[in-house]
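Residue numbers (my numbering), protein chains in the order written: chain A, 1 to 167; chain B, 1 to 451.
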Amino acid sequence: MRAVYGLYPNGDSAQQAVNRLRAAGLADREITVISAQPMEDCEFGEMDKASWMWWIACAGGLTGMSIAFGLSWVTAHSWPMNVGGLPTFAWWPNLIVIFELTMLGSILATVGTLIVSALLPRKGQTLYDPEVTDGQILVGVEDPAEGSIPGLQATLGAPPGARVKTI
Amino acid sequence: MTQPSGSKINDDLLRPLFHTSWRFFLLVAVFGGIVALGLSTWMWQARNGYGITGIKWPVYWGFYITSFVFWIGISHAGTLISAILRLVNAGWRRPVTRCAEAITGFALMIGATFPIIHLGRPWLAFWLAPYPSDRLIWPNFRSPLVWDFFAINTYLTGSLLFLFLPIIPDFAVVRDKSTGLRRKIYGALAMGWRGTPKQWHRLETAMQIMAVAIIPVAVSVHTIVSFDFSMAPVPTWNTTIFGPYFVAGAIFSGIAGLLIAMALLRKFLRLEEYLLPLHFDNLGKLLLVMALLWGYFVFNERLVTYYGNEPAHMAVFWRTQSGTFAPLYWTMVTCNFVLPLILLGIRRFRTITGCVIASIGIVIGMWLERFLIIVPALGHKYLPYSFGIYRPTPPEIIIASATFGAMCLLYVLFAKTVPIISMWELKAADHLPAKHPHSTAKEQRLGDSHA
């Protein structure tokens, strides 16, 4: 992988770098920003915010609910036991198991969505510098177009405190 | 006091991971020895049968079920408190949440072993799991014990994931600071974490969803544990108050456990700059509220039983008020109500030491509470043929005590392998938006400065 990136000591200079890359014609999806903490006080911290995670969690909950209902209903009807004329499938006690598996379904769906959408590495998205751990903010471009590297180096090097690296 | 810088946070909180002192080995040896003693006693019990315990007709639930309810209660410290503080975006939660969530995970694991320890044939514990077996018997979904299985496993799974997810960015920090095998292990645990805005947003959304889901699960778990009792026709058990009474008691003992753990971590890991008197003061106030709530529930439960005046209920009532169990009962009241009211209600005494003394008292008092719910009632049911006494034997005492060693061992190992305070959340306090939509100016200040 080839990449050009700058390391910035604070959010303001990183924001300048992002703004300059945008002004140079790069879309947000082409810009990589990496920080050691969420940067809620910077505009670039709002990138990629939209997510279907809440809806997927709801779908997971519904799946868990269906499994629990099926499990308790099938069990009761497969081996029906007449206990003093009580109903074979009783809603009140089964609601407890249905509730627990509903919540488990939504929790597992949430974690699954996080892993698939944010943790599994994708092609061309492996740029990293361990200096981020020490508080530096990385702004860069992965797999830049041929001939664009000198321009990107100049753009990324302009904000105060920038250290530009090319790999 | 100002917020420590990012590199100082790294240095302070990674120190226990990279530097091992003789104290760590000593603690592991001591607690490991206690756990080994407990395990070998359990194996001895499995080999020789239940006859070596004091559990016999009519008191079939003794130390083990008392400890089961106690540890499930302690587990309410973490995930529930952490989830509530996360949802209300309380700035002071940041250094506290991971200490608390770890307690939940370990307490649940320990608590969940007690029903298995309690089995005469523990190797058949898998019969609780719903699977299509060739014995053509499925678990009875109308049984509170099966509800326990589902509730505890859901809470355990949710709590471990709730603990693990926010550690991922900190695993990445350890990965970057390590070399060799340690780097590989933490690299795998970090799951490719880099710290892009997308990853931060997904992680925070996931934590919000988990917090929303885990709060009702936490409440349900101890309600269902209370159903183990309140669904049974035993004097003083079959009451509608047990659900909320157990939940309040669980949160009460959980916060007490958390305060003790925080004080020990602060002392031994030198975290004075992170776990501040403010955190103890805030949790101390919460503990005081829970003490009052506990007193309210006990008063309700006692008064209603007294006015009901059912002979069987009154027999159990007087056994605890002025009979055989009275010394334990009044010790419980002193530990759970009188002591916290004095130490936490009077501002001058609500120091770190005061909070820890009150918490130790509460942990003892809450264990006694569970014992006093179970044993006096089982030993004095409706007819004289079912009257009996229970005396715990050394194996029960050793096994129940060893679980405290297990809790300490797990916590020591956790603090040695994982930053015990969430580093990224501390650093994030410097980067809150100017006008955060969910927090007041005071909360933001608390988050920024910890004070």
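We put the beta carbon where it would ideally sit given N, CA and C, even for glycine.
Treat the numbers as computed from the prediction; the structure is a model and nothing was measured.
CA nearest to the CA of residue 213 of chain B, picked from B/376, B/201, B/156, B/369: B/156
Counted within 10 angstroms of its Cβ, other Cβ atoms place residue 16 of chain A as buried (16 or more) or exposed: buried
Alpha carbon of residue 91 of chain B to alpha carbon of residue 429 of chain B, nearest angstrom: 8 Å
Per-residue DSSP class, three states only, for residue 163 of chain A: strand
For residue 459 of chain B, the three-state DSSP class (helix, strand or coil): Past the boundaries of the shown model lies residue 459 of chain B; chain B is included only from 1 to 451, so the question cannot be answered.
CA-to-CA distance, residue 79 of chain A to residue 260 of chain B, given in whole angstroms: 49 Å
In DSSP terms, what residue 3 of chain A is bridged to: A/142
Stretch pair the stretch 320 to 337 of chain B + the stretch 355 to 368 of chain B: three plus CB contacts closer than 8 Å: yes
Of the residues A/162, A/160, A/143, the one placed nearest residue 31 of chain A, counting alpha carbons only: A/143
DSSP state of residue 313 of chain B mapped onto helix, strand, coil: helix
Whole-angstrom C-beta distance between residue 287 of chain B and residue 315 of chain B, which should lie under 8 Å: In fact, because the Cβ distance is near 34 Å, the residues do not count as touching under 8 Å.
Pair within 9 Å by beta-carbon distance, residue 141 of chain B and residue 87 of chain A: no
Proximity test, Cβ basis, 9 Å: residue 143 of chain A and chain B: no
Candidates B/172, B/385, B/163, of which the one nearest residue 131 of chain A by Cα: B/172
Closer than 8 Å at the beta carbon, the chain A residues around residue 83 of chain B: Simply none; closest approach about 12 Å.
Cβ of residue 4 of chain A within 9 Å of any chain B Cβ: no
Residue nearest to residue 59 of chain A in terms of C-alpha spacing, selected from A/110, A/75, A/7: A/110
Local conformation of residue 33 of chain A per DSSP, three classes: strand
Members of the stretch 190 to 224 of chain B that neighbour chain A once the beta carbon cut-off is set at 8 Å: 191, 192, 193, 194, 195, 196, 197, 198, 199, 200, 201, 202, 203, 204, 205, 206, 209, 210, 213, 214, 216, 217, 220, 224
Residue-chain proximity (residue 179 of chain B, chain A), Cβ-Cβ < 9 Å: no
Assigned exposure category for residue 348 of chain B - 16 Cβ within 10 Å defines buried: exposed
Rounded C-alpha distance that separates residue 79 of chain B from residue 161 of chain B: 10 Å
For residue 215 of chain B, the nearest candidate out of B/34, B/67, B/84 (CA to CA): B/84
Neighbour list for residue 184 of chain B in chain A, Cβ cutoff strictly below 9 Å: Result: empty, since nearest Cβ-Cβ is about 15 Å, beyond 9 Å.
Other residues of its chain near residue 74 of chain B: CB distance less than 6 Å, five sequence neighbours each side excluded: 107, 253, 254, 257
Chain B within 9 Å of residue 107 of chain A, Cβ atoms only: yes
Any chain A beta carbon closer than 9 Å to residue 146 of chain B: yes
Alpha-carbon spacing of residue 88 of chain B relative to residue 211 of chain B, whole angstroms: 11 Å
Limits of the alpha helix (DSSP H) - the one that residue 419 of chain B falls within: Segment: none, residue 419 of chain B is in no alpha helix (DSSP H) and carries neither H nor E.
C-beta atoms of residue 421 of chain B and residue 95 of chain B nearer than 9 Å: yes
Neighbour list for residue 337 of chain B in chain A, Cβ cutoff strictly below 7 Å: Chain A residues near residue 337 of chain B: none, gap ~32 Å exceeds 7 Å.
Proximal chain A residues relative to residue 176 of chain B, where beta-carbon distance stays under 7 Å: 130, 133
Start and end residues, alpha helix (DSSP H) containing residue 155 of chain B: 144 to 164
Under 7 Å from the C-beta of residue 427 of chain B: neighbouring residues of chain A: 36, 37
Residue 70 of chain B vs residue 262 of chain B beta-carbon contact at 9 Å: no
Assumed close pair residue 62 of chain B, residue 396 of chain B - CB separation to whole angstroms, cut-off 8 Å: 6 Å
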